[in-house]
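Visitor: Numbering (the UniProt record's numbering), first residue to last: 1 to 351. Quick reminder that beta carbons are idealized off the backbone N, C-alpha and C, glycines included. Since the structure is predicted, the reported quantities are computational estimates derived from the model, not experimental observations.
1) Nearest-angstrom Cα distance between residue 315 and residue 128?
2) Cutting at 7 Å between CB atoms, please list the residues of its own chain near residue 224, excluding the five before and the five after it.
3) Kindly provide the ranges of any alpha helix (DSSP H) runs that are 4 or more residues long and lie completely inside the segment 57–102, ordered along the chain.
4) In angstroms, rounded to a whole number, what distance separates the CA positions of residue 11 and residue 156?
5) Comparing alpha-carbon positions, which option in 263, 269, 275 and 55 lies nearest residue 179?
6) Classify residue 351 as helix, strand or coil using the three-state DSSP reduction.
7) Let me check understanding here. Comparing Cα to Cα, which of 62, 74 and 323 lies closest to residue 170?
8) Relative to the C-alpha of residue 232, which residue among 199, 80 and 279 is closest?
9) Considering just the uninterrupted stretch of the beta strand (DSSP E) at residue 38, what are its terminal residues?
10) Helix, strand or coil: how does DSSP classify residue 342 here?
11) In three-state DSSP terms, what is residue 14?
12) DSSP three-state label for residue 171, please.
13) What residue range does the beta strand (DSSP E) around residue 53 cover?
14) Residue 243: which of 64, 58, 102 and 167 sits nearest, CA to CA?
Structure follows, in structure tokens:
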């Protein structure tokens with residue numbers, strides 16, 4: 001199958017989870033033997049080099065620099081020349097998505113729009129992008145609801161979750177230094193304060209915690225831990241590799257998810273697959289609670305006091321280093337879901 005990805009920016013341009021998801025999907029399709037063409041602005045060197053092959057993916061230059069108007073104007077010709085079986089448009093500037101949808105209609109090529117929920121918005125353009133796709137995929141019910149609110153038909157939106165490396169979780173060594181773990185980029189949505197207050201309530205008990213990640217809010221978070229006089233029991237690890245994070249999750253007892261905004265809580269998913277008791281503070285702009293619904297090691301709370309209670313309760317829950325309940329989130333399993341979407345679209349069927 002020949003799949004054409006459409007995204008002005010790629011994970012080589014900027015750090016964005018939706019772009020990382022698209023690149024991972026494209027790379028895995030290429031590893032499976034599918035033809036993958038990625039239409040984007042140029043990120044590789046050489047002005048006279050309009051195409052560049054990397055990790056089995058053929059990147060084709062639509063514009064030299066990211067420029068929304070120029071990219072939209074040149075995209076129809078680029079798509080026509082590609083001759084793909086399926087167009088996989090990454091939700092970014094909605095104008096690009098709408099152009100890809102129109103071109104797909106003219107070429108009779110089905111269009112899947114992967115709407116991760118972290119792309120730039122253009123006021124007034126979202127409904128056109130949401131309604132014109134043959135299928136919209138979202139990582140969570142939270143994002144699915146938002147896409148439907150933009151006008152997408154309910155039957156044309158399917159949840160395709162983020163994926164994890166289950167083999168890595170099985171094989172990684174165990175780092176058992178910490179009882180409680182928080183892991184996320186430390187930005188304005190991190191909301192680590194809930195966890196710090198919960199830990200402070202348990203300062204007379206024996207525990208150790210790790211805050212994994214880095215970002216602009218790290219210094220204020222460290223200061224808050226000092227003010228609560230629990231900084232001597234918290235290790236701020238900074239950014240770690242996936243393997244290092246997984247090792248810590250396998251040794252921990254509790255993973256705390258308190259972020260105020262999260263379209264998909266991938267680190268919580270990894271921690272649950274590592275056997276952690278996953279505790280989610282409910283937040284209106286976070287989908288994290290979706291991952292713990294009906295899960296025996298999942299808990300939902302609404303306050304620091306509730307989080308402290310669950311951390312105490314964890315002492316009565318046996319430790320684990322792996323859970324087989326999350327194999328449907330493995331990279332290969334999620335890629336099969338995308339392939340099923342493509343095949344159904346090519347056949348003209350509804351999903």
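Guide: Taking the coordinates as given:
1) As a first step, residue 315 is located in the chain shown; it is residue number 315 there, counting from the start. As a first step, residue 128 is located in the chain shown; it is residue number 128 there, counting from the start. If I take the Cα positions, the gap works out to 51 Å.
2) In the chain shown, residue 224 corresponds to position 224, counting from 1. Closer than 7 Å at Cβ, skipping near neighbours: 193 and 196.
3) 68–82
4) Here residue 11 corresponds to residue number 11 of the chain shown, with the count starting at 1. Here residue 156 corresponds to residue number 156 of the chain shown, with the count starting at 1. Rounded to the nearest angstrom, the two C-alpha atoms are 27 Å apart.
5) Walking along the chain shown from the start, residue 179 turns up at place 179. For the residues 263, 269, 275 and 55, the minimum Cα distance to residue 179 belongs to 275.
6) Position 351 of the chain shown holds residue 351. Low confidence applies to residue 351: its pLDDT is 47, below 50, so where it sits in the model is not reliable enough to give any reading.
7) The count along the chain shown starts at 1 and reaches residue 170 at position 170. For the residues 62, 74 and 323, the minimum Cα distance to residue 170 belongs to 323.
8) Taking the first residue of the chain shown as position 1, residue 232 is located at position 232. Considering only alpha carbons, the answer is 199.
9) Position 38 of the chain shown, counted from the first residue, corresponds to residue 38. From DSSP, the beta strand (DSSP E) with residue 38 extends over 35–41.
10) Translated into the one-based positions of the chain shown, residue 342 becomes position 342. DSSP places residue 342 in helix when its eight states are reduced to three.
11) For the purposes of this step, residue 14 is taken as residue 14 along the chain shown, with counting starting at 1. Here residue 14 sits in coil by DSSP.
12) On the chain shown, residue 171 is found 171 positions in, with the first residue counted as 1. Helix at residue 171.
13) On the chain shown, position 53 is the one that residue 53 refers to. It spans 51–54 - the beta strand (DSSP E) in which residue 53 sits, taken as one unbroken run.
14) The count along the chain shown starts at 1 and reaches residue 243 at position 243. Of the listed residues, the one whose Cα sits closest to residue 243 is 167.
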